[in-house]
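Notes follow the structure.
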Amino acid sequence: MELTKINNFNIKVLKIYPETTSDGLGLCYSIYLVAGCRHACFGCHNVRSWNHNNGQLLDDKYLAEIIDQINANSLLEGVTLSGEVIRFYDSLFLRQLLEYFKKYTNKNIWCYTGYTYEQIINKPELNACLKYIDVLIDAWFVLELRDILLPFKDSSNQRTIYLKNCKLDFIDNYLEIIKSSIFIFKGILFLLVKLFMRN
(Lines of atoms letter the chains of each structure in order from A and count residues from 1; the text may use other names and numbers.)
(Lines give C-alpha, C1' and ligand atoms only; values in the text may rest on other atoms or scores of the structure.)
Protein backbone atom coordinates (compact mmCIF):
# COMPACT_ATOMS: atom_id res chain seq x y z
CA MET A 1 0.00 0.00 0.00
CA GLU A 2 1.09 3.61 -0.49
CA LEU A 3 1.20 5.89 2.53
CA THR A 4 1.72 9.58 3.05
CA LYS A 5 5.34 10.16 4.00
CA ILE A 6 5.97 9.84 7.71
CA ASN A 7 8.31 12.00 9.75
CA ASN A 8 11.24 9.66 10.29
CA PHE A 9 12.98 9.96 13.64
CA ASN A 10 15.48 7.18 12.95
CA ILE A 11 13.44 4.51 14.73
CA LYS A 12 14.33 0.91 13.99
CA VAL A 13 12.50 -2.40 14.17
CA LEU A 14 14.42 -5.07 16.04
CA LYS A 15 12.06 -7.98 15.48
CA ILE A 16 8.54 -8.78 14.33
CA TYR A 17 6.31 -11.59 15.54
CA PRO A 18 3.56 -11.90 12.89
CA GLU A 19 1.42 -14.00 15.24
CA THR A 20 1.69 -14.05 19.03
CA THR A 21 -0.68 -14.46 21.97
CA SER A 22 1.72 -13.27 24.69
CA ASP A 23 1.82 -9.55 23.80
CA GLY A 24 -1.90 -8.84 23.81
CA LEU A 25 -5.39 -10.25 23.83
CA GLY A 26 -6.06 -12.78 21.10
CA LEU A 27 -3.74 -13.10 18.14
CA CYS A 28 -1.51 -10.05 17.77
CA TYR A 29 1.08 -8.75 15.34
CA SER A 30 3.93 -7.70 17.64
CA ILE A 31 6.59 -5.17 16.64
CA TYR A 32 9.69 -4.76 18.80
CA LEU A 33 11.06 -1.28 18.21
CA VAL A 34 14.65 -0.25 18.83
CA ALA A 35 15.19 3.28 20.01
CA GLY A 36 18.30 2.88 22.13
CA CYS A 37 16.24 2.03 25.21
CA ARG A 38 17.63 3.96 28.16
CA HIS A 39 15.93 1.98 30.90
CA ALA A 40 18.42 -0.90 30.64
CA CYS A 41 16.34 -2.95 33.09
CA PHE A 42 18.31 -5.61 34.95
CA GLY A 43 17.14 -8.99 33.66
CA CYS A 44 15.70 -7.50 30.44
CA HIS A 45 14.77 -10.20 27.89
CA ASN A 46 15.43 -7.81 25.01
CA VAL A 47 18.95 -6.49 25.64
CA ARG A 48 19.54 -5.92 21.92
CA SER A 49 17.01 -3.09 22.09
CA TRP A 50 19.48 -1.03 24.13
CA ASN A 51 21.73 -0.53 21.11
CA HIS A 52 20.39 1.96 18.59
CA ASN A 53 22.58 0.43 15.87
CA ASN A 54 20.58 -2.81 15.87
CA GLY A 55 17.49 -3.42 13.77
CA GLN A 56 16.04 -2.24 10.45
CA LEU A 57 15.12 1.38 9.83
CA LEU A 58 11.36 1.95 9.88
CA ASP A 59 10.93 4.03 6.74
CA ASP A 60 7.80 4.60 4.65
CA LYS A 61 8.33 1.51 2.49
CA TYR A 62 8.91 -0.82 5.45
CA LEU A 63 5.90 0.58 7.30
CA ALA A 64 3.69 0.00 4.25
CA GLU A 65 4.94 -3.61 4.04
CA ILE A 66 4.13 -4.16 7.73
CA ILE A 67 0.61 -2.77 7.34
CA ASP A 68 0.04 -4.98 4.29
CA GLN A 69 1.14 -8.04 6.30
CA ILE A 70 -1.26 -7.15 9.10
CA ASN A 71 -4.21 -6.64 6.76
CA ALA A 72 -3.48 -9.92 4.98
CA ASN A 73 -4.14 -11.88 8.19
CA SER A 74 -7.83 -11.81 9.07
CA LEU A 75 -7.19 -13.73 12.30
CA LEU A 76 -5.31 -10.87 13.94
CA GLU A 77 -7.06 -9.06 16.80
CA GLY A 78 -4.45 -6.44 17.51
CA VAL A 79 -1.14 -4.75 16.82
CA THR A 80 1.40 -4.51 19.64
CA LEU A 81 4.26 -2.01 19.83
CA SER A 82 6.92 -3.04 22.30
CA GLY A 83 10.26 -1.66 23.43
CA GLU A 84 10.71 1.82 24.91
CA VAL A 85 7.93 2.96 22.62
CA ILE A 86 6.74 6.18 24.23
CA ARG A 87 9.72 8.47 24.55
CA PHE A 88 10.00 12.08 25.52
CA TYR A 89 11.75 13.27 22.35
CA ASP A 90 10.07 11.41 19.47
CA SER A 91 6.40 11.75 20.38
CA LEU A 92 5.57 13.32 17.00
CA PHE A 93 6.77 10.23 15.16
CA LEU A 94 5.04 7.92 17.61
CA ARG A 95 1.73 9.75 17.32
CA GLN A 96 1.93 9.55 13.55
CA LEU A 97 2.91 5.88 13.68
CA LEU A 98 0.04 4.99 16.02
CA GLU A 99 -2.39 6.96 13.87
CA TYR A 100 -1.29 5.00 10.80
CA PHE A 101 -1.75 1.63 12.49
CA LYS A 102 -5.17 2.63 13.82
CA LYS A 103 -6.33 4.10 10.52
CA TYR A 104 -4.99 1.50 8.09
CA THR A 105 -5.45 -1.72 10.10
CA ASN A 106 -8.47 -1.00 12.32
CA LYS A 107 -7.02 -3.31 14.98
CA ASN A 108 -6.79 -2.90 18.74
CA ILE A 109 -3.49 -1.16 19.48
CA TRP A 110 -1.43 -2.41 22.43
CA CYS A 111 1.56 -0.39 23.57
CA TYR A 112 4.36 -1.21 26.02
CA THR A 113 5.84 2.08 27.16
CA GLY A 114 8.59 1.82 29.77
CA TYR A 115 7.02 4.85 31.46
CA THR A 116 4.15 5.19 33.92
CA TYR A 117 0.73 6.37 32.85
CA GLU A 118 1.14 9.41 35.13
CA GLN A 119 4.39 10.41 33.41
CA ILE A 120 2.71 10.16 30.03
CA ILE A 121 -0.46 12.15 30.79
CA ASN A 122 1.58 14.96 32.36
CA LYS A 123 3.37 15.55 29.05
CA PRO A 124 0.91 17.07 26.51
CA GLU A 125 2.87 15.80 23.51
CA LEU A 126 2.81 12.25 24.92
CA ASN A 127 -0.75 12.45 26.17
CA ALA A 128 -1.78 13.14 22.56
CA CYS A 129 -0.55 9.64 21.64
CA LEU A 130 -3.03 7.94 23.96
CA LYS A 131 -6.03 8.61 21.69
CA TYR A 132 -4.69 5.96 19.29
CA ILE A 133 -3.89 3.34 21.95
CA ASP A 134 -6.48 0.86 23.18
CA VAL A 135 -4.44 -0.92 25.85
CA LEU A 136 -1.39 0.54 27.57
CA ILE A 137 1.13 -1.55 29.52
CA ASP A 138 2.95 1.00 31.61
CA ALA A 139 6.17 1.14 33.65
CA TRP A 140 9.43 -0.73 33.28
CA PHE A 141 10.50 -4.27 34.11
CA VAL A 142 11.74 -4.87 37.68
CA LEU A 143 13.43 -8.23 38.14
CA GLU A 144 12.67 -8.39 41.87
CA LEU A 145 8.96 -8.04 41.06
CA ARG A 146 8.93 -10.57 38.23
CA ASP A 147 5.79 -12.72 38.11
CA ILE A 148 5.47 -15.24 35.29
CA LEU A 149 1.76 -15.72 36.04
CA LEU A 150 0.82 -12.14 35.17
CA PRO A 151 -0.99 -11.88 31.82
CA PHE A 152 0.65 -9.57 29.25
CA LYS A 153 3.32 -8.19 31.58
CA ASP A 154 6.48 -9.34 33.33
CA SER A 155 6.59 -7.66 36.75
CA SER A 156 3.93 -6.65 39.27
CA ASN A 157 4.73 -2.92 39.11
CA GLN A 158 3.45 -2.83 35.54
CA ARG A 159 -0.22 -2.11 34.87
CA THR A 160 -2.59 -3.09 32.09
CA ILE A 161 -4.62 0.06 31.40
CA TYR A 162 -7.61 -0.18 29.07
CA LEU A 163 -7.98 3.21 27.42
CA LYS A 164 -10.75 2.83 24.85
CA ASN A 165 -12.31 0.94 21.96
CA CYS A 166 -11.61 -2.46 23.50
CA LYS A 167 -13.84 -5.49 23.74
CA LEU A 168 -13.95 -4.99 27.49
CA ASP A 169 -16.44 -7.75 28.30
CA PHE A 170 -14.36 -10.25 26.37
CA ILE A 171 -11.19 -9.01 28.05
CA ASP A 172 -12.72 -9.26 31.52
CA ASN A 173 -13.95 -12.79 30.82
CA TYR A 174 -10.57 -13.74 29.40
CA LEU A 175 -8.75 -12.45 32.47
CA GLU A 176 -11.17 -14.25 34.78
CA ILE A 177 -10.39 -17.50 32.97
CA ILE A 178 -6.67 -16.83 33.40
CA LYS A 179 -7.10 -16.09 37.11
CA SER A 180 -9.15 -19.26 37.61
CA SER A 181 -6.56 -21.31 35.74
CA ILE A 182 -3.77 -19.86 37.89
CA PHE A 183 -5.74 -20.65 41.06
CA ILE A 184 -6.28 -24.26 39.93
CA PHE A 185 -2.62 -24.57 38.93
CA LYS A 186 -1.46 -23.31 42.33
CA GLY A 187 -3.80 -25.80 44.06
CA ILE A 188 -2.45 -28.73 42.03
CA LEU A 189 1.12 -27.59 42.68
CA PHE A 190 0.43 -27.38 46.42
CA LEU A 191 -0.98 -30.93 46.47
CA LEU A 192 2.00 -32.27 44.53
CA VAL A 193 4.42 -30.64 46.97
CA LYS A 194 2.52 -32.11 49.93
CA LEU A 195 2.58 -35.59 48.35
CA PHE A 196 6.28 -35.27 47.59
CA MET A 197 7.06 -34.23 51.18
CA ARG A 198 5.18 -37.28 52.54
CA ASN A 199 7.35 -39.56 50.47
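So for the sequence shown, my numbering puts the first residue at 350; every next one is plus one.
Note that beta-carbon positions come from the ideal geometry of N, C-alpha and C, so glycine has one too.
- Nearest in C-alpha terms to LYS361, of all of THR370, ALA477 and SER398, is SER398.
- DSSP, read as helix, strand or coil, puts PRO367 in strand.
- Per the Cβ contact rule, the segment 388 to 395 is not in contact with the segment 406 to 417 (fewer than 3 Cβ pairs under 8 Å).
- With 16 or more neighbouring CB atoms inside 10 Å of its own CB, ALA488 falls in the buried class.
- Under the three-state reduction of DSSP, ARG508 is assigned to strand.
- Ranked by how close their Cα comes to the Cα of VAL491, the residues ILE482, CYS386 and SER504 have SER504 in first place.
- Its chain contains ASP487 as the residues whose beta carbon lies nearer than 6 Å to that of ARG508, once the 5 sequence neighbours on both sides are disregarded; these appear in chain order.
- Just measuring C-alpha positions, the residue of PRO367, PHE545 and LEU540 sitting nearest ASN420 is PRO367.
- Boundaries of the alpha helix (DSSP H) harbouring ILE469: 466 to 470, taken from the DSSP string.
- If the five residues before and after GLU426 are omitted, its C-beta is found closer than 8 Å to the C-beta atoms of GLY373, LEU374, GLY375, LEU376, CYS377, LYS456 and ASN457, all from its own chain and listed in chain order.
- When DSSP states are grouped into helix, strand and coil, ILE486 belongs to the strand group.
- Within the same chain, no residue comes within 6 Å of LEU446 by CB-CB distance, once the 5 residues on both sides are set aside.
- Around the beta-carbon of SER423, fewer than 16 other beta-carbon atoms lie within 10 Å, marking it exposed.
- VAL491 sits in coil when the DSSP states are folded into three classes, being neither helix nor strand.
- Under DSSP, LYS361 takes part in a beta bridge, and its partners are VAL383 and LEU406.
- ILE497 is the residue among ARG444, VAL396 and ILE497 whose C-alpha sits nearest the C-alpha of PHE534.
- Taking THR429 as reference, the option from LEU494, LEU512, ARG547 and ASP483 with the minimal CA-CA separation is ASP483.
- Apart from the 5 residues on each side of it in sequence, ARG444 sits with its Cβ closer than 6 Å to the Cβ of ALA477 and CYS478 in its chain, given in chain order.
- Sequence-distant partners of LYS364 (beyond 5 residues in either direction) whose C-beta falls short of 7 Å from its own C-beta, in its chain, are TYR381.
- In this structure, LEU494 sits away from TYR466, with a CB-CB distance that is not shorter than 8 Å.
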